[in-house]
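Asker: In this note's numbering, the protein residues as written are 94 to 476.
Don't be surprised by glycine CBs; every beta carbon is placed ideally from N, CA and C.
Since we're looking at a predicted model, the values are computed, not measured.
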């Protein structure tokens, strides 16, 4: 199944290093190979009356959240839901556990966030409209959150529910107290010109989200996870846990999603990256470029990188060997201008290609547009 079945191939990466495979069975037969495929005997038809729901997830919290949502959905349409006792090596648990969570909120906090006054009864009534159970308790309002409201993480989500129940259209807008005439940002205009250059070189522009996760940003790219990342607080999904520190993994993911398209595949993106510096968040602007086809090599990457340097007016620079597990050793170079590294390019390593399920060779470039912009200005001043 792992080697030949459609779903087996799709999930094979998860179980690639496993010596044993998890499965679910009754007293006689195997019911499912978790998390890949179910057996024919578990198929649900119009005659099915009893259903056993098994949930597989990468964390216990995710599994419990999913089973609670399933249980509440079936109860909502009139089904009878019975709990199941699960015996683990380290203990026993029962699911689903449909307990209400309690969140405490001050009325003043909601007023300061929303910008209008609310009386205590109004807060309780608005919260109850969104399926919660609320009650006044001293200076606070206690909100009992039902188990199916997985999107509610803390008091900020309760304030959002108050705004939704109140009606955004009923919130009076506040007048703008000042005005100013804007001027185009010079760096942004510079990036726009660089983007037009890349389009002229035959590349298509990608527009990826700033939000990513450690698996895509680090592991698939064969990098060790770093501590200077900006994490998403109260992340609601495991696919969105941090702000990206580099852009190439996102472009490689784009290529992975386009493996059935015609070659060559040529993409670029010029946008923001983020990191922590001295305990404070810092954003930068990079340009990342990938080219995938059977003849992609170091020379192609170097040629495109030189075009960007020529566009920037940087005539004096040097190339040094770039050592990075994401690139093939001896087939990657750093770009140094005025004593600073402004980017790197090279051939992506086979290991990274396998992580992204890419079959053709890929060359990649990532450069710091702010450093290129500054270096270009400095070089223009020289006689």
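(1) Tell me which same chain residues have a C-beta within less than 6 angstroms of the C-beta of residue 472, skipping the five on either side of it?
(2) I need the DSSP call for residue 437, collapsed to helix, strand or coil.
(3) Given this structure, state the Cα-to-Cα distance separating residue 326 from residue 336, to the nearest angstrom.
(4) In angstroms, rounded to a whole number, what distance separates the CA positions of residue 159 and residue 456?
(5) Rounding to the nearest angstrom, what Cα-Cα distance links residue 171 and residue 275 in this structure?
(6) Among 372, 389, 346, whose alpha-carbon lies nearest the alpha-carbon of residue 357?
(7) Which of the three DSSP states, helix, strand or coil, is assigned to residue 183?
(8) Could you give the C-beta distance for residue 483 and residue 188, rounded to a whole number, given that I count them as a contact under 8 angstroms?
(9) From which residue to which residue does the beta strand (DSSP E) around residue 374 run?
(10) Taking just the CA atoms, how far does residue 147 sit from residue 332?
(11) Compare the Cα-Cα distances from residue 376 to each of 132, 110, 464 and report the closest residue.
(12) Between residue 284 and residue 363, what straight-line distance do the alpha-carbon atoms span, to the nearest angstrom?
(13) Return yes when the Cβ of residue 288 is within less than 8 angstroms of the Cβ of residue 359, no when it is not.
(14) Report the start-end ranges of each alpha helix (DSSP H) in the region 231 to 289 that is 4 residues or longer and not cut off at the edges.
(15) Given a threshold of 16 other Cβ atoms within 10 Å of its Cβ, counted over all protein chains shown, does residue 220 qualify as buried or as exposed?
(16) Looking at the secondary structure, which residues open and close the alpha helix (DSSP H) in which residue 403 lies?
(17) Count the other C-beta atoms from every protein chain shown that fall within 10 angstroms of the C-beta of residue 137, then say buried if there are 16 or more, exposed otherwise.
(18) Spell out a yes or no on whether the region 257 to 266 and the region 431 to 444 are touching, meaning 3 or more CB-CB pairs, one atom from each, closer than 8 angstroms.
(19) Reducing DSSP to helix, strand and coil, say where residue 193 ends up.
(20) Do residue 379 and residue 307 have their C-beta atoms closer together than 8 angstroms?
(21) Compute the Euclidean distance between the alpha carbons of residue 184 and residue 251, then round it to the nearest angstrom.
(22) Write down the C-beta distance between residue 127 and residue 149 rounded to the nearest angstrom, noting that I regard them as a contact closer than 8 angstroms.
(23) State buried or exposed for residue 385, treating a residue as buried only when at least 16 other CB atoms are found within 10 Å of its CB.
(24) Can you give the beta carbon distance from residue 430 to residue 415, rounded, assuming they're within the 8 angstroms contact cut?
Answerer: Here's the rundown:
(1) 406, 407
(2) strand
(3) Taking the straight line joining both Cα atoms gives about 11 angstroms.
(4) 40 angstroms
(5) 58 angstroms
(6) Comparing alpha carbon positions, the residue from 372, 389, 346 closest to residue 357 is 389.
(7) coil
(8) As displayed, the chain neither begins before 94 nor continues past 476, which places residue 483 out of reach and without an answer.
(9) 373 to 385
(10) 22 angstroms
(11) 464
(12) 7 angstroms
(13) No, the Cβ-Cβ distance between residue 359 and residue 288 is not below 8 angstroms.
(14) 248 to 259
(15) The residue is buried, with at least 16 neighbouring Cβ atoms inside 10 Å.
(16) 391 to 405
(17) exposed
(18) As far as the Cβ criterion goes, the region 257 to 266 does not touch the region 431 to 444, which means the pair count is below three.
(19) coil
(20) no
(21) 34 angstroms
(22) Right, the Cβ-Cβ distance comes to about 5 angstroms (below 8 angstroms), so this counts as a contact.
(23) buried
(24) Residue 430 to residue 415, Cβ: 15 angstroms. No contact.
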